[in-house]
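Structure first, commentary second.
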Amino acid sequence: MVTMIALMGEQTLPNFLPLLHYKPAYVLCLYTSTTRQAFERLQKTIQRHGDLGCHVSGLSVEAYDLDRITKSLKQYLEQKQLSGRDCLFNLTGGTKIMSLAAYQIAQEWQAPMFYFQSELKQDSLIEYEWQDGRPQQVRRSGLSCKQFSLADVLDLHLGPGKWQETKGKHGEGFRFEQTLANLLRAEDYEILQNIRLSDGQMEIDIIVRFQNRYGAIEAKYKRTTGLDIEAIKQLVTSTKQLGSYIQRFYILTVPLPGYQQELVKLLNIRTIVLESYRDGELSEEDRQKFLSAIAQVLR
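Numbers 97 to 395, taken from the numbering used here, label the letters of the sequence shown in order.
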(Lines of atoms letter the chains of each structure in order from A and count residues from 1; the text may use other names and numbers.)
(Lines give C-alpha, C1' and ligand atoms only; values in the text may rest on other atoms or scores of the structure.)
Protein backbone atom coordinates (compact mmCIF):
# COMPACT_ATOMS: atom_id res chain seq x y z
CA MET A 1 0.00 0.00 0.00
CA VAL A 2 1.30 3.40 -1.01
CA THR A 3 1.79 6.37 1.31
CA MET A 4 1.74 9.75 -0.42
CA ILE A 5 3.84 12.48 1.17
CA ALA A 6 2.27 15.88 0.54
CA LEU A 7 3.55 19.36 1.37
CA MET A 8 0.88 21.82 2.48
CA GLY A 9 0.83 25.32 1.08
CA GLU A 10 -1.96 27.89 1.07
CA GLN A 11 -3.43 26.24 -2.06
CA THR A 12 -4.97 22.83 -1.34
CA LEU A 13 -5.82 21.66 -4.86
CA PRO A 14 -2.22 20.62 -5.74
CA ASN A 15 -2.51 18.08 -2.92
CA PHE A 16 -6.15 17.07 -3.33
CA LEU A 17 -6.35 16.49 -7.09
CA PRO A 18 -3.33 14.12 -7.24
CA LEU A 19 -4.85 12.20 -4.35
CA LEU A 20 -8.01 11.61 -6.39
CA HIS A 21 -5.82 10.48 -9.29
CA TYR A 22 -3.47 8.08 -7.47
CA LYS A 23 -5.87 6.96 -4.70
CA PRO A 24 -3.18 6.10 -2.12
CA ALA A 25 -4.10 4.17 1.02
CA TYR A 26 -2.37 6.75 3.23
CA VAL A 27 -1.46 10.42 2.95
CA LEU A 28 1.03 12.19 5.19
CA CYS A 29 0.72 15.99 5.02
CA LEU A 30 3.56 18.20 6.19
CA TYR A 31 2.21 21.52 7.39
CA THR A 32 3.47 24.62 9.19
CA SER A 33 1.87 27.00 11.66
CA THR A 34 0.56 29.10 8.76
CA THR A 35 -0.89 26.16 6.80
CA ARG A 36 -2.39 24.17 9.65
CA GLN A 37 -5.92 25.33 8.82
CA ALA A 38 -5.43 24.39 5.16
CA PHE A 39 -4.35 20.92 6.29
CA GLU A 40 -7.40 20.56 8.54
CA ARG A 41 -9.74 21.53 5.70
CA LEU A 42 -8.01 19.03 3.41
CA GLN A 43 -8.25 16.30 6.04
CA LYS A 44 -11.98 16.89 6.60
CA THR A 45 -12.67 16.99 2.87
CA ILE A 46 -10.89 13.66 2.34
CA GLN A 47 -12.76 12.13 5.28
CA ARG A 48 -16.06 13.25 3.72
CA HIS A 49 -15.09 11.19 0.64
CA GLY A 50 -15.94 7.81 2.08
CA ASP A 51 -15.32 6.28 -1.34
CA LEU A 52 -11.59 7.09 -1.22
CA GLY A 53 -10.68 4.81 1.66
CA CYS A 54 -7.71 7.05 2.40
CA HIS A 55 -6.26 7.65 5.87
CA VAL A 56 -4.84 11.15 6.41
CA SER A 57 -2.13 12.06 8.92
CA GLY A 58 -0.37 15.34 9.58
CA LEU A 59 3.17 16.26 10.61
CA SER A 60 3.93 19.76 11.87
CA VAL A 61 7.30 21.07 10.68
CA GLU A 62 9.32 24.29 10.68
CA ALA A 63 8.83 26.10 7.39
CA TYR A 64 12.48 26.98 6.70
CA ASP A 65 14.66 24.63 8.77
CA LEU A 66 15.94 22.05 6.29
CA ASP A 67 17.72 19.85 8.81
CA ARG A 68 14.77 19.65 11.22
CA ILE A 69 12.24 19.01 8.45
CA THR A 70 14.37 16.22 7.01
CA LYS A 71 14.93 14.56 10.39
CA SER A 72 11.26 14.81 11.41
CA LEU A 73 9.97 13.38 8.14
CA LYS A 74 12.52 10.59 8.00
CA GLN A 75 11.87 9.63 11.61
CA TYR A 76 8.12 9.52 11.03
CA LEU A 77 8.44 7.30 7.94
CA GLU A 78 10.90 4.96 9.64
CA GLN A 79 8.61 4.58 12.66
CA LYS A 80 5.92 3.44 10.22
CA GLN A 81 8.47 0.96 8.80
CA LEU A 82 8.17 2.45 5.33
CA SER A 83 10.73 2.24 2.56
CA GLY A 84 11.17 3.90 -0.81
CA ARG A 85 8.93 1.43 -2.60
CA ASP A 86 6.10 2.28 -0.18
CA CYS A 87 6.24 6.06 -0.70
CA LEU A 88 5.21 8.54 -3.37
CA PHE A 89 6.43 12.13 -2.91
CA ASN A 90 4.39 15.11 -4.10
CA LEU A 91 6.92 17.94 -4.47
CA THR A 92 4.37 20.59 -5.44
CA GLY A 93 3.32 22.48 -2.31
CA GLY A 94 4.90 23.86 0.84
CA THR A 95 7.96 26.07 1.06
CA LYS A 96 10.98 25.50 -1.16
CA ILE A 97 12.84 24.20 1.89
CA MET A 98 10.09 21.64 2.52
CA SER A 99 10.33 20.52 -1.11
CA LEU A 100 14.10 20.19 -0.80
CA ALA A 101 13.77 18.07 2.35
CA ALA A 102 11.26 15.77 0.65
CA TYR A 103 13.49 15.54 -2.43
CA GLN A 104 16.51 14.56 -0.33
CA ILE A 105 14.66 11.70 1.33
CA ALA A 106 13.18 10.55 -1.98
CA GLN A 107 16.71 10.54 -3.41
CA GLU A 108 18.15 8.60 -0.48
CA TRP A 109 15.34 6.04 -0.61
CA GLN A 110 15.08 6.00 -4.43
CA ALA A 111 11.36 6.71 -4.08
CA PRO A 112 9.16 7.92 -6.97
CA MET A 113 8.16 11.59 -7.09
CA PHE A 114 5.78 13.79 -9.04
CA TYR A 115 5.01 17.45 -9.61
CA PHE A 116 1.52 18.84 -10.23
CA GLN A 117 1.56 21.39 -13.04
CA SER A 118 -1.40 23.65 -13.71
CA GLU A 119 -0.95 25.64 -16.88
CA LEU A 120 -3.63 27.34 -18.97
CA LYS A 121 -6.43 24.76 -19.23
CA GLN A 122 -4.22 21.69 -18.86
CA ASP A 123 -3.46 20.05 -15.51
CA SER A 124 -0.78 17.39 -15.63
CA LEU A 125 1.35 15.21 -13.38
CA ILE A 126 5.06 15.04 -14.17
CA GLU A 127 6.37 11.78 -12.72
CA TYR A 128 9.97 10.96 -11.86
CA GLU A 129 11.83 7.78 -11.02
CA TRP A 130 15.47 7.22 -10.13
CA GLN A 131 17.91 5.78 -12.64
CA ASP A 132 21.60 5.46 -11.78
CA GLY A 133 21.06 7.76 -8.81
CA ARG A 134 19.52 10.53 -10.88
CA PRO A 135 15.87 11.56 -11.28
CA GLN A 136 14.44 10.87 -14.72
CA GLN A 137 11.08 12.04 -15.99
CA VAL A 138 9.24 8.86 -16.91
CA ARG A 139 5.87 10.26 -17.92
CA ARG A 140 3.61 13.27 -18.08
CA SER A 141 -0.05 12.43 -17.70
CA GLY A 142 -3.35 14.20 -17.33
CA LEU A 143 -5.31 13.91 -14.12
CA SER A 144 -8.18 11.50 -13.72
CA CYS A 145 -10.39 13.16 -11.10
CA LYS A 146 -13.93 12.02 -11.81
CA GLN A 147 -14.81 12.27 -8.12
CA PHE A 148 -13.95 15.99 -7.99
CA SER A 149 -16.91 18.29 -7.35
CA LEU A 150 -17.81 21.86 -6.48
CA ALA A 151 -18.54 20.68 -2.94
CA ASP A 152 -14.85 19.72 -2.77
CA VAL A 153 -13.82 23.19 -3.96
CA LEU A 154 -15.89 24.87 -1.26
CA ASP A 155 -14.93 22.44 1.50
CA LEU A 156 -11.22 22.71 0.68
CA HIS A 157 -11.18 26.50 0.73
CA LEU A 158 -13.89 27.36 3.26
CA GLY A 159 -14.29 24.19 5.27
CA PRO A 160 -17.17 21.68 5.50
CA GLY A 161 -20.24 23.36 6.96
CA LYS A 162 -18.93 26.85 6.17
CA TRP A 163 -21.16 27.36 3.14
CA GLN A 164 -24.63 26.48 1.93
CA GLU A 165 -26.64 26.54 -1.28
CA THR A 166 -29.74 28.66 -0.73
CA LYS A 167 -32.95 29.22 -2.64
CA GLY A 168 -32.92 32.08 -5.10
CA LYS A 169 -35.11 35.11 -4.73
CA HIS A 170 -37.95 35.85 -7.11
CA GLY A 171 -37.74 38.54 -9.75
CA GLU A 172 -36.17 39.13 -13.13
CA GLY A 173 -32.66 39.14 -11.69
CA PHE A 174 -33.05 35.58 -10.45
CA ARG A 175 -34.70 34.60 -13.73
CA PHE A 176 -31.67 35.87 -15.61
CA GLU A 177 -29.38 33.92 -13.31
CA GLN A 178 -31.49 30.78 -13.75
CA THR A 179 -31.35 31.13 -17.55
CA LEU A 180 -27.55 31.17 -17.45
CA ALA A 181 -27.39 28.22 -15.05
CA ASN A 182 -29.71 26.13 -17.23
CA LEU A 183 -27.61 26.82 -20.33
CA LEU A 184 -24.48 25.66 -18.55
CA ARG A 185 -26.10 22.52 -17.13
CA ALA A 186 -27.20 21.55 -20.63
CA GLU A 187 -23.52 21.67 -21.66
CA ASP A 188 -22.45 19.26 -18.88
CA TYR A 189 -21.09 21.84 -16.46
CA GLU A 190 -21.63 21.24 -12.76
CA ILE A 191 -23.53 24.16 -11.23
CA LEU A 192 -24.25 25.43 -7.73
CA GLN A 193 -26.36 28.55 -7.23
CA ASN A 194 -26.76 31.17 -4.53
CA ILE A 195 -23.88 30.01 -2.37
CA ARG A 196 -23.92 31.81 0.95
CA LEU A 197 -20.66 31.90 2.88
CA SER A 198 -20.61 31.20 6.60
CA ASP A 199 -20.37 34.85 7.60
CA GLY A 200 -23.77 35.40 5.99
CA GLN A 201 -22.60 38.62 4.37
CA MET A 202 -21.34 37.28 1.04
CA GLU A 203 -23.14 35.31 -1.65
CA ILE A 204 -22.01 33.94 -5.00
CA ASP A 205 -24.70 33.79 -7.69
CA ILE A 206 -23.33 30.82 -9.65
CA ILE A 207 -20.32 28.55 -9.26
CA VAL A 208 -19.51 26.52 -12.35
CA ARG A 209 -17.11 23.61 -12.93
CA PHE A 210 -15.90 21.57 -15.86
CA GLN A 211 -13.49 18.78 -14.91
CA ASN A 212 -10.77 20.45 -12.78
CA ARG A 213 -11.59 24.06 -13.76
CA TYR A 214 -14.05 26.23 -11.92
CA GLY A 215 -15.31 29.79 -11.83
CA ALA A 216 -17.72 32.18 -10.15
CA ILE A 217 -20.41 34.16 -11.96
CA GLU A 218 -22.01 37.41 -10.87
CA ALA A 219 -25.19 37.75 -12.95
CA LYS A 220 -26.68 41.22 -13.09
CA TYR A 221 -29.94 42.06 -14.81
CA LYS A 222 -29.99 45.80 -15.52
CA ARG A 223 -31.97 48.17 -17.71
CA THR A 224 -29.53 51.09 -17.51
CA THR A 225 -25.86 51.13 -18.41
CA GLY A 226 -23.13 51.51 -15.82
CA LEU A 227 -21.05 49.48 -13.43
CA ASP A 228 -22.59 48.03 -10.26
CA ILE A 229 -19.73 48.65 -7.85
CA GLU A 230 -21.31 46.58 -5.07
CA ALA A 231 -21.74 43.57 -7.38
CA ILE A 232 -18.09 43.74 -8.44
CA LYS A 233 -16.97 44.18 -4.84
CA GLN A 234 -18.97 41.13 -3.79
CA LEU A 235 -17.57 39.02 -6.64
CA VAL A 236 -13.98 39.91 -5.78
CA THR A 237 -14.38 39.60 -2.01
CA SER A 238 -16.34 36.35 -1.99
CA THR A 239 -13.97 34.57 -4.37
CA LYS A 240 -10.75 35.61 -2.63
CA GLN A 241 -11.28 32.67 -0.31
CA LEU A 242 -11.64 30.16 -3.15
CA GLY A 243 -8.00 29.93 -4.16
CA SER A 244 -5.86 31.23 -6.99
CA TYR A 245 -7.32 28.85 -9.59
CA ILE A 246 -10.79 30.42 -9.68
CA GLN A 247 -12.02 32.32 -12.74
CA ARG A 248 -14.39 35.29 -12.38
CA PHE A 249 -17.21 36.29 -14.74
CA TYR A 250 -19.48 39.34 -14.67
CA ILE A 251 -22.55 38.73 -16.84
CA LEU A 252 -24.90 41.64 -17.49
CA THR A 253 -27.61 42.76 -19.88
CA VAL A 254 -26.34 46.24 -20.75
CA PRO A 255 -22.90 47.32 -22.04
CA LEU A 256 -20.30 49.03 -19.88
CA PRO A 257 -18.55 52.26 -20.86
CA GLY A 258 -14.97 51.75 -22.04
CA TYR A 259 -13.26 53.01 -18.89
CA GLN A 260 -15.41 50.73 -16.72
CA GLN A 261 -14.53 47.76 -18.91
CA GLU A 262 -10.85 48.47 -18.27
CA LEU A 263 -11.45 48.69 -14.53
CA VAL A 264 -13.15 45.29 -14.46
CA LYS A 265 -10.39 43.82 -16.62
CA LEU A 266 -7.75 45.04 -14.16
CA LEU A 267 -9.54 43.03 -11.46
CA ASN A 268 -9.10 39.90 -13.62
CA ILE A 269 -12.84 39.63 -14.25
CA ARG A 270 -14.23 38.65 -17.65
CA THR A 271 -17.28 40.64 -18.71
CA ILE A 272 -19.97 39.15 -20.96
CA VAL A 273 -22.79 41.40 -22.16
CA LEU A 274 -26.04 39.71 -23.25
CA GLU A 275 -28.25 42.53 -24.50
CA SER A 276 -30.88 40.27 -26.07
CA TYR A 277 -32.14 38.93 -22.72
CA ARG A 278 -35.91 39.26 -22.31
CA ASP A 279 -38.25 37.32 -20.01
CA GLY A 280 -35.97 34.33 -19.43
CA GLU A 281 -34.84 34.04 -23.05
CA LEU A 282 -31.66 34.83 -25.00
CA SER A 283 -31.13 35.10 -28.73
CA GLU A 284 -29.23 32.23 -30.33
CA GLU A 285 -26.33 34.61 -30.95
CA ASP A 286 -26.11 35.57 -27.28
CA ARG A 287 -26.50 31.94 -26.16
CA GLN A 288 -23.47 30.99 -28.24
CA LYS A 289 -21.59 34.11 -27.14
CA PHE A 290 -22.09 33.21 -23.48
CA LEU A 291 -21.26 29.51 -23.83
CA SER A 292 -18.23 30.23 -25.99
CA ALA A 293 -16.82 32.75 -23.49
CA ILE A 294 -17.19 30.29 -20.60
CA ALA A 295 -15.77 27.37 -22.60
CA GLN A 296 -12.78 29.43 -23.69
CA VAL A 297 -11.69 29.61 -20.06
CA LEU A 298 -12.98 26.40 -18.47
CA ARG A 299 -12.83 23.80 -21.26
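Beta carbons are placed, not taken as given, at the ideal position from N, Cα and C, and that holds for glycine.
- Closest by C-alpha distance to Asp161, out of Glu136, Arg281, Ile193, Leu280, is Ile193.
- Considering only Gln218, Leu138, Ala121, the residue with the shortest C-alpha distance to Gly149 is Ala121.
- Contact between Leu126 and Val157 holds, since their C-beta atoms are separated by about 5 Å, short of 8 Å.
- Annotation: the continuous alpha helix (DSSP H) that includes Phe386 extends over 380–394.
- Under the DSSP definition of a beta bridge, Tyr211 partners with Ile222.
- Separation of Arg144 and Pro256 (C-alpha to C-alpha, rounded to the nearest whole angstrom) is 9 Å.
- Annotation for Leu370: Ile347, Leu348, Thr349, Leu378, Asp382, Lys385, Phe386 place their beta carbon closer than 8 Å to its own, counting only its chain and skipping 5 residues before and after.
- When rounded, the separation of the alpha-carbon atoms in Tyr317 and Tyr310 is 23 Å.
- DSSP, reduced to helix, strand and coil, places Ile300 within a strand of the structure shown.
- Here Pro351 is exposed. Its C-beta has fewer than 16 other C-beta atoms within 10 Å.
- Of the candidates Val249, Gln343, Asp375, Gln343 places its Cα closest to the Cα of Lys361.
- Under the three-state reduction of DSSP output, Met100 falls in the strand class.
- Looking at the backbone, the Cα of Ser168 and that of Gly238 are separated by about 32 Å.
- Shown here, Lys361 sits in a helix according to DSSP, grouped into three states.
- Taking a contact as a CB-CB distance under 8 Å, the pair Pro208 and Leu173 does not count as one, their CB atoms being some 14 Å apart.
- When beta bridges are read from the DSSP output, Phe185 appears opposite Ile101, Met209.
- Beta-bridge analysis with DSSP links Lys316 to Leu348.
- Less than 8 Å divides the Cβ of Gly264 from the Cβ of Gln289.
- Under DSSP, Gln233 forms a beta bridge with Tyr224.
- Around the C-beta of Tyr355, fewer than 16 other C-beta atoms lie within 10 Å, and the residue is accordingly described as exposed.
- Judged by beta-carbon spacing, Gly105 lies within the 8 Å limit of Thr131, meaning their Cβ atoms are closer than that value.
- Straight-line spacing of the CA atoms in Ser372 and Leu279 works out to 15 Å.
- Our two residues, Leu196 and Ala389, have alpha carbons roughly 40 Å apart in a direct line.
- As DSSP reads the structure, Cys125 sits in a beta bridge with Ala102, Gly154.
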